[in-house]
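The structure appears below as structure tokens.
Encoded structure:
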């Protein structure tokens with residue numbers, strides 16, 4: 346695998362991590378992804394809600410959780426309460442309903458700031474991959490494994506990957522920011 350291909354793979358990992366981080370931020374709308382990282386103790390072990398139940402958003406501000414095993418409904422409800430997401434689960438038989446409260450302006454701005462920090466962290470990770478990849482290319486040149494032209498082309502390819510991924514981070518951030526700040 347070439348250095349540019351390795352860089353692309355690592356940059357994609359950083360981008361995927363950023364997308365996952367954005368998915369977990371509240372936006373004022375009910376989003377099943379809000380519960381992706383919530384763990385619940387059932388069957389004597391920690392399990393994620395998405396492995397225990399189906400989570401849907403039947404309305405803009407409502408989540409509906411249908412456990413695969415009805416016996417776990419109480420555990421899931423308690424796990425959501427412990428997760429400090431500022432949402433209150435309502436246990437209705439074997440189904441859990443969550444009404445997502447609207448966010449006030451200060452909360453929206455704070456979450457937008459969090460999104461901006463996460464975007465900056467993602468870009469830093471991408472630039473760090475660029476730095477390490479360029480070091481590898483220069484080392485190969487110093488060891489006479491590649492020519493000067495190959496080194497320049499490698500650095501150019503890595504820079505293009507960096508620019509493309511940083512632009513995608515910016516695009517994802519601006520989309521999420523609009524979603525967060527829209528009332």
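Numbering (the working numbering), first residue to last: 346 to 528. All C-beta atoms in this analysis are idealised placements derived from N, C-alpha and C, irrespective of residue type, glycine included.
- Considering only 411, 406, 421, the residue with the shortest C-alpha distance to residue 391 is 421.
- When secondary structure is reduced to three states using DSSP, residue 376 falls in the coil class, being assigned neither helix nor strand.
- Residue 514 sits in a helix when the DSSP states are folded into three classes.
- In the three-state reduction of the DSSP assignment, residue 492 falls in the coil class.
- In this structure, residue 459 and residue 360 do not form a Cβ contact; the two beta carbons are roughly 18 Å apart against a cut-off of 8 Å.
- In the three-state scheme derived from DSSP, where H, G and I count as helix and E and B as strand, residue 431 is classed as coil.
- For residue 409, the enclosing beta strand (DSSP E) stretches over residues 407-412.
- Assignment of residue 403 by DSSP, reduced to helix, strand and coil, places it in the strand class.
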